[in-house]
Amino acid sequence: MRLRHALAVAGLAMAAAVTPVTAASAVAAPASVGVQQVMSAPSCVELLQRIADLEARLEFLQDQLRHAAPQDKPRIIRQILAVQNQIAEAEEQLATCV
Numbered sequence: 038m039r040l041r042h043a044l045a046v047a048g049l050a051m052a053a054a055v056t057p058v059t060a061a062s063a064v065a066a067p068a069s070v071g072v073q074q075v076m077s078a079p080s081c082v083e084l085l086q087r088i089a090d091l092e093a094r095l096e097f098l099q100d101q102l103r104h105a106a107p108q109d110k111p112r113i114i115r116q117i118l119a120v121q122n123q124i125a126e127a128e129e130q131l132a133t134c135v
């Protein structure tokens, strides 16, 4: 659910990332668009991809946990917690991205 919201919010960032920049469009950019904003658009897309990859990894680990032997469960749980922390960090970065 969070990823869908993030994808919707970053739709503009993805459009900006694939729009070619010409000399005319660079000159015509409004003064309110700062260099930091323009340069951060690709990193927003990268963050969205990282979150999607981490969520896929999380689903894989959760499935492994369901079928794991008792002695393997603590290791998988540690991996799940690490991935959840990575997702939270990436989402925090995404919240400041735009």
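Numbering (the numbering used here), first residue to last: 38 to 135.
For glycine and all other residues, C-beta sits at the position ideal for the given N, C-alpha and C.
Under the three-state DSSP convention, the category residue i falls into
| i | result |
| --- | --- |
| A105 | coil |
| C134 | coil |
| Q74 | At Q74 the pLDDT is 49, less than 50, meaning the model places this residue with poor confidence; the figure from the coordinates comes in the next sentence. The answer is helix: DSSP assigns Q74 an H, G or I state. |
Inter-residue spacing [alpha-carbon to alpha-carbon] between residue i and residue j
| i | j | result |
| --- | --- | --- |
| E83 | K110 | 31 Å |
| A127 | Q121 | 10 Å |
| C81 | R115 | 28 Å |
| E24 | Q123 | No answer is possible for residue 24: the residues shown for the chain start at 38 and end at 135. |
| Q99 | T133 | 29 Å |
| F97 | L85 | 19 Å |
| P107 | R94 | 21 Å |
| D90 | A125 | 13 Å |
| A105 | R87 | 26 Å |
| R103 | I113 | 10 Å |
Residue environment, residue i, which counts as buried when at least 16 other CB atoms sit within 10 Å
| i | result |
| --- | --- |
| L118 | exposed |
Distance cut-off 7 Å: residue i Cβ against heavy atoms of the ligand NAP
| i | result |
| --- | --- |
| C134 | As for the ligand NAP, it is missing from this structure, which has no ligand bound. |
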